[in-house]
Amino acid sequence: MSDTDGAWIETALSSARPQAVGALLRYFRDLDTAEEAFQNACLRALKTWPQNGPPRDPAAWLIMVGRNAAIDEVRRTRKQQPLPEDDQAISDLDDAEGALAERLDGSHYRDDILRLMFICCHPDLPATQQIALALRIVSGLTVKQIARAFLVTEAAMEQRITRAKAKVADAGVPFETPGAVERAERLAGVAAMIYLIFNEGYSASGDTAEIRKPLCEEAIRLTRLLLRLFQSEPEIMGLTALLLLQHARSAARFAADGSLILLEDQDRTVWSGPMIAEGLALIDKAMRHRRSGPYQVQAAIAALHARAATPEETDWTQIDLLYGALELIQPSPVVTLNRAVAVSKVRGAEAALAMIEPLAPRLANYFHFFGVRGAFLMQLGRHDEARVAFDRAIALANTSAEAAHIRMHIDRLIRDSQPKVPNKGTKGAKAK
Amino acid sequence: MLYAILCYHDEDFVGSWSKEQDETVMKKLAVVQEKLTSQGRLGPVARLLPTTAAATLRKEDPPLVLDGPYAETKEQLLGFYIVDCQNLDDALEVAGELGAANPGGAYEVRPVGVFRPGALK
């Protein structure tokens, strides 16, 4: 077996994982048992696939082999120490045999995978634990890989995942097939969790972007999977489009020294054409449903940026309208703040500034607010006030990357607002 | 005789390829394609976007549009068109027009990601 063969098998195992673990979880109703069964099946696959070639349906193979391995394990244990008669795993085995006899039809495994994803979104779990758990049990990343992406030690991540698993087990996994309303709720929860995974990777600073990029890729893989299972959900189309359109810019987002490059300064020729094409196709398809939602609107905004070959061609009027729509669906001061940036392009900094002033009490600790406010003030020539806003922004920055981002903003505005430096005496005076 | 060679694979699997794996495969394919092109034998080559971007139009009256790829196993692939369209709505309109001319069956409408017109005249 060559190394490349090994890589293909790894890929096949990881793409079959959500379906296989989801089905095993349904059979055994215990996450650890399901994961262990899947692990055993993978070990066997690594032994036999190189010789026999991959099976026609890798997921079905892994479910079958994993299930049998787990049953053997239970039988072995039973010989050593008798299990109580009402033991859940044993009584479910007959059901499992029957269930496996029927073909793994789409509707069945749809709910298996959704359930597997959904248990990671338990509301009691903080966002970071949801993400870590999903990457571990749905994506099958190793604890080491996840720890690396989160920039924490392996031991710390191990502990975080163990704690999250315990909480999920206590909460009880919802095994009944969901009704329409519940399925929609689960979908919304899972979509939000996938978006969290993406943002965890996307919000990385330049020096860690490469390490965290797998998080973005994994989020895209999961949202594509979700969309294949729920093909008529415009919001899932919107989410997939949004992630693709944002991730398409990844090669252009950071300078060689790791500093962030603003959207309007990015080299648009290195944006990923295929990802943009897919994102645009998906948002186009989603809009036909005329059932708008926050992911679709955000994707539509990203699509307008993606469509502009140069920053000057950006359709800010449309972006302003879309942010207006987003404000209605999902009112938030941050959305209004983003809208104000579009407004500044369409109607000028004065109107934009007036729009964000009422947000001040709610965004008093939000560094972006002061960054944007400073930018507007700078455009209006109110340089002293702008400086105060920028200093406040830097003081509020959570990371050095955020601070660097604002500093770059300052540098840029200073540069832009002083093109007249050589003729300061004449034009500068006239401007006043 | 012209032959169409239609590509089937597990999308989940292909979609899990890393950029490097994908490029490796495409490079190997390009070698074969270049040979055929230099012989003047290769017609259009298209790589379709994932099935998640597809819609299916059942050729009924009125036509029924469903999200997702064509999923029936009782009908067979009999032909295909490549049409330049503004958007999915536009493409579905074209499909509807074709469907009205030849009712029964279905059209799967899928955006083309990569298109090379080829060397055939």
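Protein chains in written order, with the working numbering: chain A, 244 to 675; chain B, 33 to 153.
For every residue, glycine included, the Cβ atom is placed at its ideal position computed from N, Cα and C.
Predicted model, so just to flag it, every value in this text is computed and none were measured.
For residue i, which residues from the same chain have a beta carbon less than 7 Å from its beta carbon, with the 5 sequence-adjacent residues on both sides left out?
i, result
"A/VAL686", "Because chain A in this structure spans residues 244 to 675, residue 686 of chain A falls outside the shown range and cannot be described."
"A/ALA255", "PRO297 and PRO301"
"A/THR451", "LEU394"
"A/THR669", "Residue placement at A/THR669 cannot be trusted, given a pLDDT of 42 that sits under 50; what the coordinates show is reported in the next sentence. Taken in chain order, the list of residues that qualify is empty."
"A/ALA312", "ALA280, ASN283 and ALA284"
Once the 5 residues before and after residue i are set aside, which same chain residues still bring their CB inside 8 Å of it?
i, result
"B/VAL141", "ALA86, ALA87, THR88, LEU89, LEU120, ALA123, LEU124 and ALA127"
"B/ALA103", "THR88"
"A/TRP514", "ALA491, ARG492, ALA494, ALA495 and ALA549"
Please return the same chain residues whose Cβ sits closer than 6 Å to the Cβ of residue i, not counting the five positions on each side in sequence.
i, result
"A/GLU279", "none"
"A/TRP304", "PRO298"
"A/ARG455", "ALA392, GLY444 and ALA447"
"B/THR69", "ALA151"
Flag residue i as yes if its beta-carbon sits less than 8 Å from any beta-carbon of chain A, otherwise no.
i, result
"B/ASN119", "yes"
"B/GLN53", "yes"
"B/THR105", "no"
"B/LEU81", "yes"
"B/PHE147", "no"
"B/LYS47", "In the sequence under discussion, the amino acid at residue 47 of chain B is Gly, which differs from the Lys named in the question. Output row for B/GLY47: interface = yes."
"B/ALA133", "no"
"B/GLY100", "yes"
"B/ASP44", "yes"
"B/ALA87", "yes"
Between residue i and chain B, is there a C-beta pair that is closer than 8 Å?
i, result
"A/ASP527", "yes"
"A/LEU347", "Confidence is the limiting factor: at A/LEU347 the pLDDT is only 49, short of 50, which leaves the residue's position unreliable, though a coordinate-based value still follows. No, no contact with chain B."
"A/SER575", "no"
"A/ASP246", "In this prediction, A/ASP246 has a pLDDT of 47, which is less than 50 and means its spatial position is unreliable; what the coordinates show is noted afterwards. It does not: the Cβ of A/ASP246 has no partner Cβ on chain B nearer than 8 Å."
"A/SER257", "yes"
"A/PRO517", "yes"
"A/THR560", "no"
"A/LYS663", "Because the pLDDT of A/LYS663 is 48, which lies under 50, any placement of that residue in the model is unreliable, and the question is left without a value."
"A/GLU521", "yes"
"A/THR254", "yes"
"A/ALA250", "yes"
"A/ALA434", "no"
"A/ALA375", "no"
"A/ALA266", "no"
"A/ALA524", "yes"
With a Cβ-Cβ cutoff of 8 Å, do residue i and residue j count as a contact?
i, j, result
"A/ILE356", "A/LEU472", "yes"
"A/ARG590", "A/ALA552", "no"
"B/ARG79", "B/GLY145", "yes"
"B/GLU55", "B/PRO82", "no"
"A/ALA524", "B/PRO143", "yes"
"A/LEU488", "A/ALA644", "no"
"A/VAL578", "A/VAL615", "no"
"A/ALA375", "A/ILE404", "yes"
"A/ALA484", "A/GLY522", "yes"
"A/ALA543", "A/ILE519", "no"
"A/ALA412", "A/GLN372", "no"
"A/ARG440", "A/LEU378", "According to the sequence as given, residue 440 of chain A is Ile; it is not Arg. Yes, the Cβ-Cβ distance between A/ILE440 and A/LEU378 is below 8 Å."
"A/PRO261", "A/LEU359", "yes"
Within 10 Å of its beta-carbon, does residue i have 16 or more other beta-carbons around it, so buried, or fewer, so exposed?
i, result
"A/GLU460", "buried"
"A/PRO207", "Because chain A spans 244 through 675 in this model, residue 207 of chain A falls outside it and cannot be assessed."
"A/ALA266", "buried"
"A/PRO574", "exposed"
"A/ASP246", "Residue placement at A/ASP246 is poorly supported in this model, since its pLDDT is 47, which falls under 50; the coordinates still yield a value, given next. When all chains shown are included, A/ASP246 counts as exposed."
"A/GLU345", "With a pLDDT of only 46 at A/GLU345, under the threshold of 50, the placement of this residue in the model should not be trusted, and no figure is reported."
"A/ASP338", "Its pLDDT being 47, under 50, A/ASP338 is placed unreliably by the model, and the measurement read from it follows with that caveat. Its Cβ having fewer than 16 others within 10 Å, A/ASP338 is exposed."
"A/CYS285", "buried"
"B/THR105", "exposed"
"A/CYS364", "buried"
"A/MET480", "buried"
"A/TYR566", "buried"
"B/ILE37", "exposed"
"A/LEU469", "buried"
"B/LEU109", "exposed"
"A/LEU620", "buried"
With 8 Å set as the bound, which would you pick, yes or no: does the beta-carbon of residue i sit closer than that to a beta-carbon of chain C?
i, result
"B/PRO143", "Considering every chain present, this structure includes no chain C. Its protein chains are A and B."
For this session: Mind checking the stretch 454-476 of chain A against chain B and listing, in chain order, the residues whose C-beta falls within less than 8 Å of any C-beta there?
Result: ARG464, ARG467, LEU468, LEU470, ARG471, GLN474 and SER475
Exercise. Which residues, in order along the stretch 349-373 of chain A, keep a beta-carbon less than 8 Å from a beta-carbon of chain B?
Worked result: none
For this session: For the stretch 59-82 of chain B, enumerate the residues whose C-beta is nearer than 8 Å to any C-beta of chain A, in chain order.
Result: LEU81 and PRO82
Problem set entry | Under 7 Å (Cβ pairs) to chain B, residues found in the stretch 530-554 of chain A | ARG531
For this session: Output, in sequence order along the chain, the residues in the stretch 481-509 of chain A whose CB is closer than 7 Å to any CB in chain B.
Result: THR483
Exercise. According to a CB-to-CB cut-off of less than 8 Å, which residues of the stretch 377-403 of chain A neighbour chain B?
Worked result: none
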